[in-house]
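Accompanying notes for the structure given below.
There are 2 protein chains.
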Amino acid sequence: MTTESRLTMTLGETMFTQRAIRRFRPEPIPDAELQDILEAAIRAPNGGNTQPWHFLVIRDPDLRTKLAELYREAWWAKRRDQGIMGPQDIPPGKNTMRSAMRLADQIGQAPVMVLLCATSQGPAAAASIIPAAQNLLLAARAFGVGGTITTLHADVDDRVHELLGIPAEAQVVYCLPLGYPRGTFGSVQRKALSEVCSYERWGGS
Amino acid sequence: MTTESRLTMTLGETMFTQRAIRRFRPEPIPDAELQDILEAAIRAPNGGNTQPWHFLVIRDPDLRTKLAELYREAWWAKRRDQGIMGPQDIPPGKNTMRSAMRLADQIGQAPVMVLLCATSQGPAAAASIIPAAQNLLLAARAFGVGGTITTLHADVDDRVHELLGIPAEAQVVYCLPLGYPRGTFGSVQRKALSEVCSYERWGGS
Numbered sequence: 006m007t008t009e010s011r012l013t014m015t016l017g018e019t020m021f022t023q024r025a026i027r028r029f030r031p032e033p034i035p036d037a038e039l040q041d042i043l044e045a046a047i048r049a050p051n052g053g054n055t056q057p058w059h060f061l062v063i064r065d066p067d068l069r070t071k072l073a074e075l076y077r078e079a080w081w082a083k084r085r086d087q088g089i090m091g092p093q094d095i096p097p098g099k100n101t102m103r104s105a106m107r108l109a110d111q112i113g114q115a116p117v118m119v120l121l122c123a124t125s126q127g128p129a130a131a132a133s134i135i136p137a138a139q140n141l142l143l144a145a146r147a148f149g150v151g152g153t154i155t156t157l158h159a160d161v162d163d164r165v166h167e168l169l170g171i172p173a174e175a176q177v178v179y180c181l182p183l184g185y186p187r188g189t190f191g192s193v194q195r196k197a198l199s200e201v202c203s204y205e206r207w208g209g210s
Numbered sequence: 006m007t008t009e010s011r012l013t014m015t016l017g018e019t020m021f022t023q024r025a026i027r028r029f030r031p032e033p034i035p036d037a038e039l040q041d042i043l044e045a046a047i048r049a050p051n052g053g054n055t056q057p058w059h060f061l062v063i064r065d066p067d068l069r070t071k072l073a074e075l076y077r078e079a080w081w082a083k084r085r086d087q088g089i090m091g092p093q094d095i096p097p098g099k100n101t102m103r104s105a106m107r108l109a110d111q112i113g114q115a116p117v118m119v120l121l122c123a124t125s126q127g128p129a130a131a132a133s134i135i136p137a138a139q140n141l142l143l144a145a146r147a148f149g150v151g152g153t154i155t156t157l158h159a160d161v162d163d164r165v166h167e168l169l170g171i172p173a174e175a176q177v178v179y180c181l182p183l184g185y186p187r188g189t190f191g192s193v194q195r196k197a198l199s200e201v202c203s204y205e206r207w208g209g210s
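From first to last, the protein sequence lines are chains A and B. All residue numbers for the first sequence refer to this note's numbering, where the first residue is 6 and numbers rise by one. All residue numbers for the second sequence refer to this note's numbering, where the first residue is 6 and numbers rise by one.
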């Protein structure tokens, strides 16, 4: 059996039932499934097949607790950059932000955190590894494992590097909590395709 | 029948047989399949479900020819930034670069070009739409349609905007040629997972 043969969910079901999972049950992800998820991630396209990515997988409870504290600080630093100083400043109707705020409090409950790193600095290096994040989340979905794409913040960058021994030349692009979801996967709400797609010229149908 | 039910290839086969396709047969992609490919793309995760993407689909032969000329100019502008002034400067063994150079000459042969745009400027906006590019390419693969992720260059940016009526506030993130491949899909060469993955700390196994 290979990773390829174990990812038996159809592409349609996987993509159409992928959604951001931000609340996790504590059960660990079996090693074999975690390995398959990572094997799928590294099949993603990347510039010139340079594979400029590094997957840092954190399962140790003590490290996850420390990383979760830094994550929470980073989440509020990002909100502060937007002028949101506390929960009272989150506009009504911003349910995704409230859900993300809860994740910032509870991310340490996810049994696995993957820091998806680029092996060099700069936005081009970061962009080159993002398709691998989507492969990772799709493969996770196929095993019933949920997660979501999150970022850190410059305020905590040095401390995250130090905590996990990340080389100075590498950058943490995404912080991906993974685990079995509390609640269910399900379809996502999207604008109609016709609103975000043009033919021949912008605005053409 | 829905897009979800038409994407019947398993996730494993799709991911493990996805590779960059840079040589295309001239046959058009049926409208229904192109629509399904785009419907799959917009299921991708994105920050706060803001869906800050726009898919500009170019099939008109005259527009494709004009865009192909700009693409070729952009490709060589990127090489010039690397100190590569012509084919004679491409180092031996850089097969991916030679293949990309051929694509720069022949991209107009792809029956469809998708410009994947972000609706605002800046690297964060660009990053937010990259998972949709990977969904698009995976869904294309499931229909036997190939493509590859390419970028343009600042030198041609204004002219691309003008040619296709792209608003100033939007940015073209990727230029994705799509079509049925000359040759076959097949597995990709990747470093072993153990070379690009650590546990608990960078370098930890």
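Virtual Cβ for every residue (Gly too), placed ideally from N, Cα, C. These numbers were taken from a predicted model, which means no experiment stands behind them.
According to DSSP, residue i sits in a beta bridge with which residue or residues?
i	result
M6 (chain B)	None, per the DSSP bridge assignment.
M118 (chain A)	A:I63, A:P182
T211 (chain A)	This structure cannot speak to residue 211 (chain A), because chain A is shown only from 6 to 210.
Y76 (chain B)	Looking at the DSSP assignment, Y76 (chain B) forms no beta bridge with any residue, so it has no partner.
S192 (chain B)	In DSSP, S192 (chain B) forms no bridge with anything.
V203 (chain A)	A small fix is needed here, since residue 203 (chain A) is Ser in this sequence, not Val. S203 (chain A) is bridged to B:L61.
A123 (chain A)	A:W58, A:Q176
Whose C-beta lies closer than 6 Å to the C-beta of residue i among residues of the same chain, with five residues either side of it excluded?
i	result
G149 (chain A)	none
V117 (chain B)	I34, R64, L183
P136 (chain B)	A49, P50
T155 (chain B)	C180
V193 (chain B)	R24
V201 (chain A)	none
A82 (chain B)	H158, D160
H166 (chain B)	none
E78 (chain A)	V161
P186 (chain B)	I26, G151
W80 (chain A)	A109
A123 (chain B)	P57, A130, A131, I134, Q176, V178
Which of the three DSSP states is assigned to residue i in this structure?
i	result
Q176 (chain A)	strand
A197 (chain A)	coil
S133 (chain A)	helix
W58 (chain A)	strand
S104 (chain B)	helix
T13 (chain A)	coil
V165 (chain B)	helix
I112 (chain A)	helix
K99 (chain B)	coil
Q139 (chain B)	helix
Q93 (chain B)	helix
R69 (chain B)	helix
R146 (chain A)	helix
R85 (chain B)	helix
By Cβ distance, which residues of its chain are closer than 7 Å to residue i, with the 5 residues on each side in sequence left out?
i	result
A73 (chain B)	I112, G113
F21 (chain A)	S192
A159 (chain A)	none
T19 (chain B)	L143, R146, A147
R103 (chain A)	I95
A129 (chain B)	none
Suppose the cutoff is 8 Å on Cβ atoms and the five residues either side in sequence are ignored; what does the same chain contact list for residue i look like?
i	result
L68 (chain B)	L168, L169
S125 (chain A)	P57, E174, A175, Q176
G88 (chain A)	D94
S210 (chain A)	S199, S203, Y204
Residue ranges of each alpha helix (DSSP H) run of no fewer than 4 residues wholly in the region 15-52 of chain B, ordered along the chain? 16-21, 36-46
Residues of the region 91-104 of chain A whose Cβ lies closer than 9 Å to any Cβ of chain B, in chain order: K99, T101, M102
Between the region 167-185 of chain A and chain B, which residues of the former have a C-beta closer than 7 Å to a C-beta of the latter? L169, G170, I171, P172
Along the region 20-36 of chain A, what residues have a CB closer than 7 Å to any CB found in chain B? M20, F21, Q23, A25
Where the region 182-208 of chain A meets chain B: residues whose CB sits under 8 Å from a CB there: V193, Q194, R195, K196, L198, V201, C202, S203, Y204, E205, R206, W207, G208
Residues of the region 45-56 of chain B with a CB closer than 7 Å to any CB of chain A: list them in chain order, please. A45, I47, R48, A49, P50, G53, N54, Q56
Which residues, taken in chain order from the region 141-167 of chain B, show a beta carbon closer than 8 Å to some beta carbon of chain A? L142, L143, A144, A147, T153, I154
Name, going along the chain, the residues of the region 61-72 of chain B whose beta-carbon falls closer than 9 Å to a beta-carbon of chain A. L61, V62, I63, R64, D65, L68
Note down, in chain order, all residues in the region 104-121 of chain B with a beta-carbon under 7 Å from any beta-carbon belonging to chain A. none
When you check each C-beta in the region 9-20 of chain B against every C-beta of chain A, which residues fall closer than 9 Å? E9, S10, R11, L12, T13, M14, T15, L16, G17, E18, T19, M20
Residues of the region 126-138 of chain A with Cβ closer than 8 Å to any Cβ of chain B, in chain order: P128, A131, A132, I135, P136, A138
Relative to chain B, which residues along the region 80-91 of chain A have a C-beta separation below 9 Å, given in chain order? none
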